[in-house]
Amino acid sequence: MLEILWEYRVHEEQRKEFEAYYKGSGTWAAFFKKGKGYRGTTLLHDRSDKLRYATIDQWESYALYERFKKEFAEEYARHDRHCERFTSDEKLIGYFELLG
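By our numbering, the letter at position 82 of the sequence shown is numbered 73, and the numbering carries on one by one without gaps.
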């Protein structure tokens, strides 16, 4: 299992739209469902900093995630460009594998 962690700083006026796009039933998740091996997305909100969020995207494997990104590269780029307006900072924390 692959878990991809992202951290975001969100513009105050874009919080609701960001949350709608990034939540587990949001636009990104609906898009990711097109890919084989997608397991879900979790949206986290920092209790002490209302503009700080994190996401965890879960995939069966890194290979399936990479295949999805390649197959849907154009649409992925469109979503990514659209979402730039929501944030002042976006940081990939890393790709983590679940140890069982």
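Positions of the beta carbon are idealized from the N, C-alpha and C atoms, including for glycine.
Query	Result
Y(-1) bridges to which residues according to DSSP?	Y44, E81
Would you check if the distance between the CB atom of L(-4) and the CB atom of F77 is smaller than 8 Å?	no
Might you give, ordered along the chain, the residues of its own chain that have their beta carbon closer than 6 Å to the beta carbon of L35, omitting 5 neighbours on each side?	A45
Look at the alpha carbon of S16 and the alpha carbon of A64, and state the distance between them as a whole number of angstroms.	21 Å
What residue from Y13, G31, K61 has the CA that sits closest to E(-6)'s CA?	G31
Quick check on this structure: which residue in L83, L42, E66 has the alpha carbon closest to the alpha carbon of R0?	L42
For the alpha helix (DSSP H) containing F72, list its first residue and its last residue.	A small correction: the amino acid at residue 72 is Arg; Phe does not occupy that position in the sequence shown. That run of the alpha helix (DSSP H) goes 64 to 74.
When the Cα of Q49 is compared with those of L90, T33, D71, which residue comes out closest?	T33
Got a sec, what are the start and stop residues for the alpha helix (DSSP H) R6 sits in?	6 to 13
Can the beta-carbon of C74 be found less than 8 Å from the beta-carbon of Y29?	no
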